[in-house]
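Asks: Letter by letter, the sequence shown follows residues 4 to 463 of the working numbering. Supplied in structure tokens, the structure appears directly below.
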Amino acid sequence: MFFSSWHHEDEETTHKFGVVRHLRLQTSIKLRWLAVAGQSLAILFVYFVLGYDLPIFWCFIPIILSANLNITLAILFPSSYRLSTIYATSLLSYDLLQLATIFYFTGGLANPFMFLFIVPVSVSATILPRNSTIWLAAFAVGLISILGIYHEPLPWMLSNQFVIPELYLIGLWTSLVLVMLFLSIYIRRISLEAHSMFAALSATELMLEREQTLSALDGLAAAAAHELGTPLSTITLVAKELKYELKDLPNVHEDLGLLAEQATRCRFILAELQARKNEIRDDFLDYPITEMLDDLISKHRMADFDIEVIETAIDDCPTPILHRNPAFLYALGNLINNATEFAKQKVVIELKWSEKFTTIHIADDGDGFSDEIIDKLGEPFISSRFATDDSMTTGQHHGMGLGFFIAKTVLERSGAKMLVGNSISHKPMVEFSKNQPKMVGAHINLRWKHNDFKNIGLID
């Protein structure tokens with residue numbers, strides 16, 4: 004039952020991260036060769052240099068078996084071969100058993116190299132599913148426990164028998180087991196977070212690439228509308244003149260009428276494209292940040308709630324002029340969409356700018372971020388499972404996962420300092436202007452230095 008769940012966990016890993024992580028055979032072989040070399044040198048040094056008596060023949064049998072295993076695997080499989088979960092777990096289990104065999108002949112738990120049992124378990128925690136790591140950790144603990152009871156004497160000087168107190172051996176066993184379990188949990192946690200972050204960043208890049216592509220297509224559409232306008236006007240004019248001159252030919256007259264009609268229809272379609280010039284912008288066109296913000300909230304104007312925009316220029320500072328950046332627009336638009344989704348009646352967006360700073364504060368009158376996710380905001384793959392049923396029915400922010408992660412990542416890359424929180428005792432996390440009523444709900448505050456805008460090319 005335990006082993007049969009490995010395949011299921013592979014599928015779970017695929018679902019979460021988009022790819023199953025497999026141990027490369029070449030990595031396993033290289034690690035095993037390293038172990039063979041280290042074990043051989045250690046045994047030869049103790050036997051020939053230190054002159055300690057140990058069963059060198061029996062010690063080298065498991066080492067030779069590991070070398071033969073590596074040679075066999077290298078012959079049978081290509082270097083790029085990736086091991087399935089069960090085969091990788093089997094090889095790591097063999098490595099543990101091989102270590103245990105050597106340690107049996109060299110003092111058991113008293114051997115100072117017993118910490119090497121941690122290595123196969125750590126490898127599993129890094130790349131293999133949870134069940135594999137649990138099995139290897141349990142197998143390692145079992146082997147260590149057996150070696151604490153059954154083992155040959157520790158090789159030592161013939162004139163002095165080295166004896167370790169039993170209580171000290173129990174302490175060694177306890178420390179080794181605790182370190183193994185702690186490192187396994189810690190390494191696995193770090194590995195999963197790193198892989199999750201990598202997957203989320205990959206999704207971010209794909210999303211931003213899509214936005215860049217759509218923006219480029221919009222620019223091409225606008226350019227096509229402009230360039231095709233003149234030829235279509237010429238076609239329409241020529242068709243009308245020919246229709247007048249060939250009015251005595253009914254068949255031709257009808258075809259020319261159809262041609263003129265279709266040319267007029269094409270001009271109408273192109274006129275609609277050009278009419279969207281406020282939405283279809285060239286990537287290199289500059290426009291004020293106030294107009295950018297108005298574009299982002301324009302699609303929410305017809306909603307059942309009020310969206311209020313407050314614009315404040317400190318010391319009559321001129322409005323910042325930004326270059327169009329699809330990634331920046333997508334990220335900021337995502338935060339506005341979240342506010343409108345969870346608002347009850349009103350969303351307030353305050354824009355402030357000075358000679359050095361620009362601040363955007365987004366607030367809604369909803370119930371705010373739920374306690375289950377407020378500490379997890381900005382982490383990838385937060386979903387509604389982190390929210391309670393109560394928060395889902397009361398309108399609290401929940402299910403804000405990859406989209407919020409993308410927005411936060413992009414905005415922080417642009418230099419923004421982001422503060423996220425809820426109102427406490429009807430006092431917002433960040434104050435609005437003095438003449439603005441306080442908003443109770445979720446608050447997001449973004450603050451940029453103008454030098455940050457320059458660094459990412461949003462302003463010159």
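The beta carbon of each residue, even a glycine, is placed where N, CA and C say it ideally should be.
For residue 451, which three-state DSSP category applies?
Replies: By 1-based counting over the sequence shown, the position of residue 451 is 448. The answer is strand: DSSP assigns residue 451 an E or B state.
Asks: Would you give the residue range spanned by the alpha helix (DSSP H) that residue 344 belongs to?
Replies: Walking along the sequence shown from the start, residue 344 turns up at place 341. Its alpha helix (DSSP H) spans residues 329–345.
Asks: Quick check on residue 42: buried or exposed, where buried means 16 or more other Cβ atoms within 10 Å of its Cβ?
Replies: The residue you call residue 42 lines up with position 39 of the sequence shown. Counting Cβ neighbours within 10 Å, residue 42 comes out buried, since at least 16 surround it.
Asks: Which first and last residues belong to the alpha helix (DSSP H) in which residue 106 is found?
Replies: Stepping through the sequence shown from its first residue, residue 106 is reached at position 103. Looking at the DSSP string, the run of the alpha helix (DSSP H) that includes residue 106 is 88–108.
Asks: Roughly how many angstroms lie between the CA atoms of residue 271 and residue 261, to the nearest whole one?
Replies: Within the sequence shown, numbered from 1, the residue matching residue 271 stands at position 268. Within the sequence shown, numbered from 1, the residue matching residue 261 stands at position 258. Their Cα atoms are separated by approximately 15 Å.
Asks: From residue 159 to residue 44, what does the alpha carbon distance come to, in whole angstroms?
Replies: Working through the sequence shown from its first residue, we reach residue 159 at position 156. Working through the sequence shown from its first residue, we reach residue 44 at position 41. C-alpha separation (whole angstroms): 17 Å.
Asks: Return helix, strand or coil for residue 33, following the three-state DSSP convention.
Replies: One-based indexing of the sequence shown puts residue 33 at position 30. If DSSP states are grouped into helix, strand and coil, residue 33 belongs with the helices.
Asks: Residue 183 to residue 25, Cα distance in whole Å?
Replies: Along the sequence shown, one-based indexing puts residue 183 at 180. Along the sequence shown, one-based indexing puts residue 25 at 22. Each residue's alpha carbon lies about 22 Å from the other.
Asks: Between residue 324 and residue 299, is the Cβ-Cβ spacing less than 8 Å?
Replies: Residue 324 sits at position 321 when you count from the first residue of the sequence shown. Residue 299 sits at position 296 when you count from the first residue of the sequence shown. In this structure, residue 299 does not lie closer than 8 Å to residue 324 by Cβ.
Asks: Going by other Cβ atoms of all chains shown within 10 Å of its Cβ, with 16 needed for buried, is residue 46 buried or exposed?
Replies: On the sequence shown, residue 46 is found 43 positions in, with the first residue counted as 1. Per the 10 Å Cβ criterion, buried.
Asks: Judging by CA-CA distance, which residue of 337, 243 and 361 is the nearest neighbour of residue 320?
Replies: Indexing the sequence shown from 1 puts residue 320 at position 317. It is 361 whose Cα lies nearest to the Cα of residue 320.
Asks: Quick one: give me the first and last residue of the beta strand (DSSP E) that residue 425 is part of.
Replies: The residue you call residue 425 lines up with position 422 of the sequence shown. Counting along the chain, the beta strand (DSSP E) containing residue 425 begins and ends at 420–425.
Asks: For the alpha helix (DSSP H) containing residue 59, name the first residue and the last one.
Replies: By 1-based counting over the sequence shown, the position of residue 59 is 56. 59–79 is the span of the alpha helix (DSSP H), which, as asked, contains residue 59.
Asks: From residue 91 to residue 173, what distance separates their C-alpha atoms?
Replies: For the purposes of this step, residue 91 is taken as the residue at position 88 of the sequence shown. For the purposes of this step, residue 173 is taken as the residue at position 170 of the sequence shown. Approximately 31 Å between the Cα atoms of the pair.
Asks: Got a sec, what are the start and stop residues for the alpha helix (DSSP H) residue 123 sits in?
Replies: Numbered from 1 along the sequence shown, position 120 holds the residue referred to as residue 123. Looking at the DSSP string, the run of the alpha helix (DSSP H) that includes residue 123 is 121–130.
Asks: Can you give me the Cβ contacts of residue 118 inside the same chain, cut-off strictly under 8 Å, excluding the 5 residues immediately before and after it?
Replies: As a position in the sequence shown, residue 118 is number 115, starting the count at 1. Result list for residue 118: 179 and 182, in chain order.
Asks: Can you give me the C-alpha to C-alpha distance between residue 20 and residue 129, rounded to a whole angstrom?
Replies: In the sequence shown, residue 20 corresponds to position 17, counting from 1. In the sequence shown, residue 129 corresponds to position 126, counting from 1. For residue 20, the pLDDT reaches just 39, beneath the cut-off of 50, and the residue's location in the model is therefore unreliable, although a value from the coordinates is still provided. In a straight line, the C-alpha of residue 20 is about 15 Å away from that of residue 129.
Asks: Between the Cα of residue 84 and those of 448, 28, 94 and 414, spot the shortest distance and give me the residue it belongs to.
Replies: On the sequence shown, position 81 is the one that residue 84 refers to. Considering only alpha carbons, the answer is 28.
Asks: Looking at the secondary structure, which residues open and close the alpha helix (DSSP H) in which residue 159 lies?
Replies: Numbered from its first residue, the sequence shown carries residue 159 at position 156. Run containing residue 159: none; DSSP gives neither H nor E here.
Asks: Is residue 103 closer than 8 Å to residue 146 when the C-beta atoms are compared?
Replies: Numbered from 1 along the sequence shown, position 143 holds the residue referred to as residue 146. Numbered from 1 along the sequence shown, position 100 holds the residue referred to as residue 103. Yes; because the gap between Cβ atoms is below 8 Å, this pair is in contact.
Asks: Skipping 5 residues on each side, what residues in its chain have a beta carbon closer than 6 Å to that of residue 6?
Replies: Your numbering for residue 6 matches position 3 in the sequence shown. Here the model assigns residue 6 a pLDDT of 38, short of 50, so the residue's position is not dependable and the matter cannot be decided.
Asks: Output the distance between the C-alpha atoms of residue 233 and residue 263, rounded to the nearest integer angstrom.
Replies: Against the sequence shown, residue 233 aligns to sequence position 230. Against the sequence shown, residue 263 aligns to sequence position 260. Going by the C-alpha atoms only, they are around 14 Å apart.
Asks: Report buried or exposed for residue 351, applying the criterion of at least 16 other Cβ atoms within 10 angstroms of its Cβ.
Replies: Within the sequence shown, numbered from 1, the residue matching residue 351 stands at position 348. So residue 351 counts as buried.
Asks: Check the C-beta distance from residue 32 over to residue 73 and give it rounded, since I have them as a contact under 8 Å.
Replies: As a working mapping, residue 32 is identified with position 29 in the sequence shown. As a working mapping, residue 73 is identified with position 70 in the sequence shown. Indeed they touch by this definition, with Cβ atoms about 5 Å apart.
Asks: For residue 333, is the classification buried or exposed, using 16 other Cβ atoms within 10 angstroms of its Cβ as the cut-off for buried?
Replies: One-based indexing of the sequence shown puts residue 333 at position 330. So residue 333 ends up on the buried side.
Asks: Pick helix, strand or coil for residue 445, following the three-state DSSP scheme.
Replies: Looking up residue 445 in the sequence shown gives position 442. The answer is strand: DSSP assigns residue 445 an E or B state.
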